[in-house]
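Residue numbers (mature numbering (1 follows the signal peptide of the UniProt record, and there is no 0)): -26 to -1, 1 to 407. Using N, Cα and C, we set each Cβ at its ideal position, and we do this for glycine too. All values reported here derive from a predicted model rather than from experimental measurement. Reading through the structure tokens given below for one structure.
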């Protein structure tokens, strides 16, 4: 056999060198796992409290773990959900990403995400009751939540209450409706409502009222298509409570043409004695309300309802949670587990709390922390009551749209609670077929 020419030898060496480089890139420079791909909506430009806390914890992790490479793809908050669903449809999900409760069942049933029970081992009890629920399917947890805020809180001005002769926040629904009438007699709008975006009545009112009347077993039956219906009397009662508020003129006339920012402004301008929204509104009140309004603001939830199945509950829990692609390698999984724990442990919760938001985990020693008074008031309410599911993070978007439209129409007398329930049920049945 002829010996190889010099040119041939050089060519062979080049091929072997390229092959070695390719293998090195595949294995990672340190010979370990390749980079972890991660998609989120944490944007430094927005400087929002909860995302800022997660960004700080993410940078902290990178500095302490130089051997783990994280490739981030950052979406805007508004585009994020559409993007992640598009990637899921093409089976192109990143290794680590955020999901809402409404995505959990579909992603898990499609085999696109893995159960994360071992991620929680030894720290299950550190999570606030109800924050893991939206991310659980049967007996497994598929998402580790970051924040655990309430979507239903009643912010009220105790000075305006006292001006109307109301000495304390009502203890039951009859007392609440009496307070509405008393405030009106004093020329004060009882509740500022900005439902232009249609979500406020759903997320901040109906999710709490619905679970109060129906109980959470009913909602689980709805999710599993196991017999419960939106035309059930208990759910119609929940719609009826909102209808009663509207018919008794508890809200401003332009409720469907202003948004939640404007309802907050009404309250801060003393044009209304109350507004009902989630814990995120606390930052606006703390930073933007006049001093006298801030000092007079207290926090409550809907009082006891007649015939309620579950009293002392409010809608809330984990809004977004970390989920892991089912196709990740064991080497990557170990790195991801380490990262997720760093982003969702009690130290991360402490940082979220310091920034005035509500974390999904309990925070030891929070009494001594320097946090806004409004946040302390919210914590007191949240910790003495139990979270129930948030409808618009767990139900199908098409169903939520029908629900939201009917809620809006009900407040202006275009549909009754019974008619609204029938319309919602009709859309729900389409998902059962």
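Open item on the list: Under DSSP, the alpha helix (DSSP H) around residue 352 begins and ends at which residues?
Closed with: 347 to 357
TODO: Identify whether residue 385 lies in helix, strand or coil by the three-state DSSP scheme.
DONE: helix
TODO: Would you identify the three-state DSSP class for residue 404, choosing helix, strand or coil?
DONE: helix
Task: alpha helix (DSSP H) runs wholly inside the region 156 to 213, at least 4 long, in chain order - done: 181 to 188, 190 to 198
Task: Beta-carbon separation (whole angstroms), residue 150 vs residue 130, contact threshold 8 Å - done: With 8 Å as the limit, residue 150 and residue 130 do not qualify as a contact, their Cβ atoms being about 11 Å apart.
Task: Range covered by the alpha helix (DSSP H) that runs through residue 269 - done: 265 to 270
- [ ] Classify residue 251 as buried or exposed, calling it buried when 16 or more other Cβ atoms lie within 10 Å of its own Cβ.
- [x] buried
Open item on the list: Quick check on DSSP: helix, strand or coil for residue 72?
Closed with: strand
Open item on the list: Going residue by residue through the region 28 to 96, where are the continuous beta strand (DSSP E) segments of at least 3 residues, counting only ones entirely within it?
Closed with: With a minimum length of 3 residues, the continuous beta strand (DSSP E) runs that stay inside the region 28 to 96 are 44 to 48, 70 to 74.
TODO: Kindly indicate the opening and closing residues of the beta strand (DSSP E) around residue 125.
DONE: Premise fails: residue 125 is in no beta strand (DSSP E) and is neither H nor E.
Task: Inter-residue Cα distance where the pair is residue 32 and residue 405 - done: 39 Å
- [ ] Determine the extent of the alpha helix (DSSP H) in which residue 298 is found, giving its start and end residues.
- [x] Premise fails: residue 298 lies in the beta strand (DSSP E), 294 to 298, not in any alpha helix (DSSP H).
Open item on the list: For the alpha helix (DSSP H) containing residue 305, name the first residue and the last one.
Closed with: Note, residue 305: alpha helix (DSSP H), 304 to 318.
Open item on the list: For residue 356, which residues in the same chain have their Cβ closer than 6 Å to its Cβ, ignoring the five residues on either side in sequence?
Closed with: 124
TODO: Since I believe residue 367 is in contact with residue 76 (beta carbons under 8 Å), could you give me their beta-carbon distance rounded to a whole number of angstroms?
DONE: That pair is a contact at about 5 Å.
- [ ] Would you list the residues sitting across from residue 104 in a DSSP beta bridge?
- [x] In DSSP, residue 104 forms no bridge with anything.
Open item on the list: Please classify residue 263 as buried or exposed, where buried requires at least 16 neighbouring CB atoms within 10 angstroms.
Closed with: buried
Open item on the list: If you reduce the DSSP assignment to three classes, tell me which class residue 390 lands in.
Closed with: coil
Open item on the list: Give me the residue from 260, 172, 8 with the minimum Cα distance to residue 270.
Closed with: Minimum Cα distance to residue 270 is reached at 260.
Task: Cβ-based burial, residue 385 [other Cβ within 10 Å; buried from 16] - done: buried
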